[in-house]
Amino acid sequence: MIKYLFFVMAIAIVAVAITAFTPAQINDVKASVKRGEKVYTKVCLPCHMADGGGVPNMNPPLIQTSYVLGDKTKLIGIVLHGMNERVPIDGDYYSNNMAPHNDLTDQQIADVLTYVRNSFGNKASAVTPTEVKQARLKKQ
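Counted the way mature numbering (1 follows the signal peptide of the UniProt record, and there is no 0) counts, the sequence shown spans residues -26 to -1, 1 to 114.
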């Protein structure tokens, strides 16, 4: 009986894992990345460059950094409220202030961060408009 229950639980876990990302969700992320690329080109590219490499000692790179791949809430906060501190990345410091971009919609911020978190060699979970909205409300 225990073996049977274990087998049923294993099947259930596999079924959940297989359906964790439906084709619709995958398409949603792809669409978000595509929209985010447009926002990046207009808003972020002048400072962070086309390749996400940033500008030495001024604007930090967006490639494989804990700022990009780590806590989404912190990253959302940086976009919403800007950043006025030196940023240490891989032993280098970046000191150019980042202006807040709270004029962007929740969807635009989610899209551009999903794009950044899945471009330039990065691979991380998507940012949702709901997460941006929650972060925006916390600061008010």
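A virtual CB, placed ideally from N, CA and C, is assigned to each residue, including glycine.
These numbers were taken from a predicted model, which means no experiment stands behind them.
| Check | Outcome |
| --- | --- |
| Cα-Cα separation, residue 42 to residue 34 | 11 Å |
| Beta carbon of residue 52 nearer than 8 Å to that of residue 94 | no |
| Residue 33 (DSSP reduced to helix, strand or coil) | strand |
| Supposed close pair residue 82, residue 13 - CB separation, criterion 8 Å | 5 Å |
| Alpha-carbon to alpha-carbon, residue 57 and residue 71 | 6 Å |
| Contacts around residue 7, its chain only, beta-carbon distance under 7 Å, and the 5 residues preceding and following it disregarded | 88, 89 and 92 |
| Distance between residue -1 and residue 68 (C-alpha atoms, nearest Å) | 34 Å |
| Neighbourhood of residue 39 by C-beta distance below 6 Å, restricted to the same chain and skipping five residues each side | 63 |
| Straight-line gap, residue 25 to residue 47 (C-alpha atoms, nearest Å) | 24 Å |
| Cut-off 8 Å between Cβ atoms - residues of its own chain near residue 75, not counting five sequence neighbours on either side | 17, 53, 54, 56 and 83 |
| Rounded C-alpha distance that separates residue 77 from residue 65 | 32 Å |
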